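Inspection log for the structure reproduced underneath, given as structure tokens.
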Amino acid sequence: MSVPPRPQTAPDSRSAGPRLGGVLRPRLDALRELVGLSRARLDRRTLAEAGRVLEEAVARQRLSLDLTVVALAGATGSGKSTLFNALARTQLSDTGVRRPTTSAPIACVWTDRADRADGLLDRLGIPPRARRQPVRPYDPGLHGLVLLDLPDHDSASAGHREQVDRLLALVDAVIWVVDPEKYADAVLHERYLRPLAGYAEVTFVVLNQIDRLSEDAADQVLDDLRRLLDEDGLALGEHGEPGATVLALSALTGKGLGELRETLAQFTAARTVAERRLIADVDGVSARLRPAYVADGRPGLTDRARQEFEDRLAEAVGAQATGLAAERAWLRDAERACGTPWTVALRWYGRQRAARGGFLSGGPATSTGTGTGTGTGMGTGMGAGSDTDAGACGTGARTGTGYVAGSLPDAFPDFSSGAAPDVAARETPVPRPAAPVLSHEPSSRRTVSRPLVEQAVRALACEASAGLPDPWARAVREAAGRGAEGLADALDAAAGALMAGGPVAAGRGRGARTSGARGDFGGTGSGRTGVWRTRGGGAPRVVRPGWWAVAATTQWVLSALQLLGTAWLMGTLFGLCAGDWWVAGLVLTGGGAGGPALEWGCRVVARGPARRHGLETERRLRSVAAGCGRERVLEPVAAELLRYREVRAQFVIAAGGA
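Quick note on our numbering: the sequence shown kicks off at 166 and runs consecutively.
Shown next as structure tokens:
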């Protein structure tokens, strides 16, 4: 829906007059901006009326605003043409018993030049042959009045009714002429007066033919007419709101005609009738557009909704489970570095036997999915029945663990040997039903829990669209849906790149934000906490704390003492060495007991750094997930909400501050 183009009718330079301004100008500007911002959100039919009002305002401003167009409308036999002739003080419109008498609209213009209103009458579709002027000298109080005599609104001819409806949408004001017999006609009230209640300020209702009634009867009919107008919403409000002007007269005898002339003179002299009519137009279209722009509450994304969305994504990528696995891996590396040489050798031998056993049986054991699901890796990442969210905006069960197969890359080298161990020599975790199972398989095996990702997006979309009008709620959900496409794959790629030490792409397509080893999600950790870091885009490695080397050196010293004590003791027992046997025993005992004691102490000391390392790994993975979700879902949803707030602000201005 585009804003209607300006009409091609050229303004009449000789009739320069007042311009639209005051309250109406900013309201029209806001309505135009409103239509522009809503093109992609609302259908054409919804915006069609607003476009017509804008077109009408532009066209009316290009013409003379010091001319006031007033139409005489009424039913068959109400005396419209008689009143038209009485106001013009000449026989301009045919009258008689033939019905309908008026078959085409006739205009009478109170101006000093006959052609001054030509542009306006051309726009109204009044042909030159139907344009009249009153008898000169005409009443100067009515200068600037353009009076139209319309066909009967209840005419048997459909063409007459169409002309009435067309002109009622274009004129500045309407004088409804009723008679004592048809003033309560249902067609008049239900089809015209009630729907046009918003135009009461530019509406006259004239009870004609009161010469046929006694004074008391005329008063009774007039009171009943006011009652009906009150039911229609046209009467003067009890708090002084503008209402329709109600008069009683006889066009045939002239009784009450002077009051109508005086009222019309004041009405025309104000030179604001066209603007008041346009204000009523804007009020009407604003009231009808209100359901499309006004929400029940204060829609938007709360901090709680954002945090829950990021928490769900972190759960989908298995940030917590990966952090726990990283903590355990750090503790194992500490044990390898600080354990006794005999313990390290036994563990190495056990790993070699496990690796050979897996090779002979067809390969290492693979981890199963989480929950009650089966198969290698994650699959869908959730066990059967774990996602209970069946509706578009329901709250599903938050189950599933995210990363399973390959939750940690081959990133924790065996520092006791000084080289990275073989992947096949890694310990293989034993699958546990209904619990997360982490492995150290290559990062290409990573799989995000897609049901959890979809659930996170649905929950965010429902939270963000709650309370929004339907078109804008639908736009928010569509924006979230577009962002959800490929989000799981992006999370997989970003998390895998992070754990592999490569650049992390948080966005999508060209211009996506990336971060390398020292970017948004990269960087280095503290050596004291053992946080892993990357070098040259390679695989991440655990920073080896300095006390590991001290502990390892001490273990070798204690092992040497243990060997020395053993040899010394054997030599003293067999008489091969001099010295006291108990001294050799003390050396042997000190070396043998000191190693396990040092290993136990290092294990206790390593718990704190290992915990910090696990938390840092979890934090970095959460940051990756949050970055992807923010780029693909949160920002588009926030953009839609911002557009709605802008549109809502324009609607408030267009509606007059309502």
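Here a beta-carbon is modelled for each residue, glycine too, at the ideal position from N, C-alpha and C. If you're wondering where the values come from, they're calculated on a predicted model, not measured in any experiment.
DSSP state of residue i mapped onto helix, strand, coil
i      : result
Ala629 : helix
Gly368 : Here the sequence assigns Thr to residue 368, which means Gly is not the residue at that position. Three-state DSSP puts Thr368 in a strand.
Arg296 : strand
Thr255 : coil
Ile291 : coil
Gly483 : coil
Leu412 : strand
Thr425 : Note on residue identity: the sequence assigns Leu, not Thr, to residue 425. Three-state result, Leu425: helix.
Asp498 : helix
Ala272 : strand
Thr233 : strand
Gly755 : helix
Leu207 : coil
Asp654 : helix
Ala338 : strand
Gly661 : helix
Val459 : coil
Gly792 : helix
Ala584 : With a pLDDT of only 36 at Ala584, under the threshold of 50, the placement of this residue in the model should not be trusted; the figure read from the coordinates follows. In the structure shown, Ala584 sits in a strand (DSSP, three-state: E or B).
Ala343 : Per the sequence presented here, residue 343 reads as Val, with Ala not at that position. Strand.
Residue i, buried or exposed, once every other Cβ within 10 Å from all chains shown has been counted against 16
i      : result
Glu346 : exposed
Asp397 : buried
Glu380 : exposed
Glu650 : exposed
Trp765 : exposed
Phe816 : buried
Gln431 : exposed
Asp388 : exposed
Tyr514 : exposed
Thr276 : buried
Ala660 : buried
Reference residue i, options the options, closest by Cα
i      : options                        : result
Asp461 : Ser630, Asp194, Asp397         : Ser630
Thr505 : Ala251, Asp287, Phe816, Ala716 : Ala716
Asp384 : Leu285, Leu412, Ile818         : Leu412
Leu289 : Lys420, Leu625, Ala236, Glu500 : Ala236
Glu800 : Pro710, Asp314, Val622         : Val622
Asp657 : Gly759, Gly483, Leu807         : Gly483
Trp713 : Ala499, Glu805, Leu333, Asp446 : Ala499
Cys503 : Arg209, Trp721, Glu628, Ala439 : Trp721
Thr487 : Arg784, Leu807, Glu796         : Arg784
Gly711 : Leu728, Ala771, Ala279, Leu726 : Ala771
Ala665 : Gly740, Cys742, Ala743, Leu786 : Leu786
Leu429 : Thr410, Arg441, Val447, Arg642 : Thr410
Ala238 : Pro464, Arg471, Asp337         : Asp337
Ala725 : Leu196, Ser268, Glu475, Ala758 : Ala758
Ala727 : Arg501, Leu741, Gly756         : First, the residue type needs correcting, since residue 727 is Gln and not Ala in the sequence shown. When each option's Cα is compared against that of Gln727, the closest is Gly756.
Cβ pair residue i, residue j closer than 7 Å
i      : j      : result
Ala282 : Leu202 : no
Thr829 : Asp317 : With the chain running from 166 to 823 in the structure shown, residue 829 is simply not present.
Cys273 : Leu248 : no
Trp746 : Thr737 : yes
Ser415 : Asp376 : yes
Ser243 : Asp344 : yes
Arg206 : Ala640 : yes
Asn373 : Val342 : yes
Leu443 : Leu189 : yes
Ala253 : Ile271 : no
Tyr348 : Leu390 : yes
Leu399 : Leu358 : yes
Ala775 : Glu492 : yes
Val450 : Ala215 : yes
Pro636 : Ala457 : yes
Gly779 : Leu723 : no
Val613 : Ala481 : yes
Glu619 : Ala470 : no
Ala662 : Cys793 : no
Val447 : Arg192 : yes
Leu633 : Pro360 : no
Leu212 : Ala819 : no
Val812 : Ala644 : no
Val798 : Gly646 : no
CB contact check: residue i to chain B, cutoff 7 Å
i      : result
Ala631 : The chain labelled as chain B is not found in the depicted structure, where only one protein chain is given.
TODO: Report yes or no: do the segment 747-759 and the segment 727-735 share at least 3 C-beta pairs separated by less than 8 Å?
DONE: yes
Open item on the list: For the pair the segment 219-230 and the segment 353-363, tell me if three or more CB-CB distances fall below 8 Å.
Closed with: no
Task: the segment 368-386 contacting the segment 314-327, beta-carbon criterion three pairs below 8 Å - done: no
Task: Given 8 Å, three or more beta-carbon pairs between the segment 305-317 and the segment 431-450 - done: Yes: the two stretches touch, three or more of their Cβ pairs being nearer than 8 Å.
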